[in-house]
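As you go down the protein sequences, you meet chains A and B in turn. Counting in my numbering, the final residue of the first sequence is number 201, and the numbers go up one at a time with none missing. Counting in my numbering, the final residue of the second sequence is number 139, and the numbers go up one at a time with none missing. What follows is one structure encoded as structure tokens, with my remarks underneath.
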Amino acid sequence: DGGITQSPKYLFRKEGQNVTLSCEQNLNHDAMYWYRQDPGQGLRLIYYSQIVNDFQKGDIAEGYSVSREKKESFPLTVTSAQKNPTAFYLCASSIFGSGSNEQFFGPGTRLTVL
Amino acid sequence: AQRVTQPEKLLSVFKGAPVELKCNYSYSGSPELFWYVQYSRQRLQLLLRHISRESIKGFTADLNKGETSFHLKKPFAQEEDSAMYYCALSGGGTSYGKLTFGQGTILTVHP
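Right, here's the structure in full:
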């Protein structure tokens, strides 16, 4: 089932707290991505990384931070600066530079801010 | 800038009827277009992409560069086709590898 895992499945956070979402892949993919999925808005790109130790802001990076210290891992931190963090978060990976941009998705983490 | 528009949030059809999910895009170069599907309680997965010109689960999609569209079609819908469908675009240059998604269409196929 995929090779991309996300944890936890559900996460609850109090306002003002930072929280980190985990994403791991064993597909040996170079590129990894974080999306936010909201009803009626589709998937919006938060951050992406095409290579270890490098990452780029996506369309809605404000209030989020990432790191890419290992090829297999791309954790996302939702900071207290994110105004509306309650959402479903999806991680994806792909083989960068293969000529195909197919992305493979994890099962997602649903974050709820109380 | 690249943009993908799916004009229908909801689409309902009866089993056996034809179905067409619309997707229009805006991109100045030659894009790569995809359809992704998310069934209930399953992860988002690739359904098909225009470069492979395949028919997957009876679905087809043709890239129309003149109309900048990539509509998804199936001649006879099945109940198991009920899902959320996303159209996505990948460009080149600095956008290479990034996907821009449409807002999604929830397809419901009634028995």
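Built from N, CA and C at the ideal position, the CB exists for glycine as well.
- prompt: residue 32 (chain B) to residue 99 (chain A), Cα distance in whole Å?
  reply: Against the second sequence, residue 32 (chain B) aligns to sequence position 4. Against the first sequence, residue 99 (chain A) aligns to sequence position 12. Approximately 32 Å between the Cα atoms of the pair.
- request: Return the chain-ordered list of same chain residues with a C-beta closer than 8 Å to the C-beta of residue 72 (chain B), the five sequence neighbours on each side being excluded.
  value: Along the second sequence, one-based indexing puts residue 72 (chain B) at 44. 64, 65, 66, 114.
Residue 181 (chain A): contacting residues in chain B (beta-carbon distance under 8 Å): Within the first sequence, numbered from 1, the residue matching residue 181 (chain A) stands at position 94. 125, listed in chain order.
task: With DSSP collapsed to three states, give me the class of residue 109 (chain B).
output: Numbered from its first residue, the second sequence carries residue 109 (chain B) at position 81. The answer is helix: DSSP assigns residue 109 (chain B) an H, G or I state.
task: Note down the Cα distance separating residue 85 (chain B) from residue 95 (chain B), rounded to an integer number of angstroms.
output: Numbered from 1 along the second sequence, position 57 holds the residue referred to as residue 85 (chain B). Numbered from 1 along the second sequence, position 67 holds the residue referred to as residue 95 (chain B). Distance between the alpha carbons of residue 85 (chain B) and residue 95 (chain B) is about 25 Å.
query: Around the C-beta of residue 101 (chain A), are 16 or more other C-beta atoms found within 10 angstroms, so that it is buried, or is it exposed?
result: The residue given as residue 101 (chain A) occupies position 14 in the first sequence. Under this definition residue 101 (chain A) is an exposed residue.
query: Which same chain residues, not among the five before or five after residue 53 (chain B), have their C-beta less than 6 Å away from its C-beta?
result: Here the question's residue 53 (chain B) lines up with position 25 in the second sequence. Result list for residue 53 (chain B): 32, 96, 117, in chain order.
- request: Consider the Cβ of residue 194 (chain A): report whether some Cβ of chain B lies at a distance smaller than 8 Å.
  value: Here residue 194 (chain A) refers to the residue found at position 107 of the first sequence. Judged by the 8 Å Cβ criterion, residue 194 (chain A) is in contact with chain B.
- prompt: What do you reckon, are the CB atoms on residue 46 (chain B) and residue 139 (chain B) nearer than 8 Å?
  reply: For the purposes of this step, residue 46 (chain B) is taken as residue 18 along the second sequence, with counting starting at 1. For the purposes of this step, residue 139 (chain B) is taken as residue 111 along the second sequence, with counting starting at 1. Not closer than 8 Å, so no.
task: Taking only the alpha-carbon atoms, compute the straight-line gap between residue 162 (chain A) and residue 110 (chain A) and give it to the nearest angstrom.
output: By one-based count along the first sequence, residue 162 (chain A) stands at place 75. By one-based count along the first sequence, residue 110 (chain A) stands at place 23. Roughly 6 Å between the two C-alpha positions.
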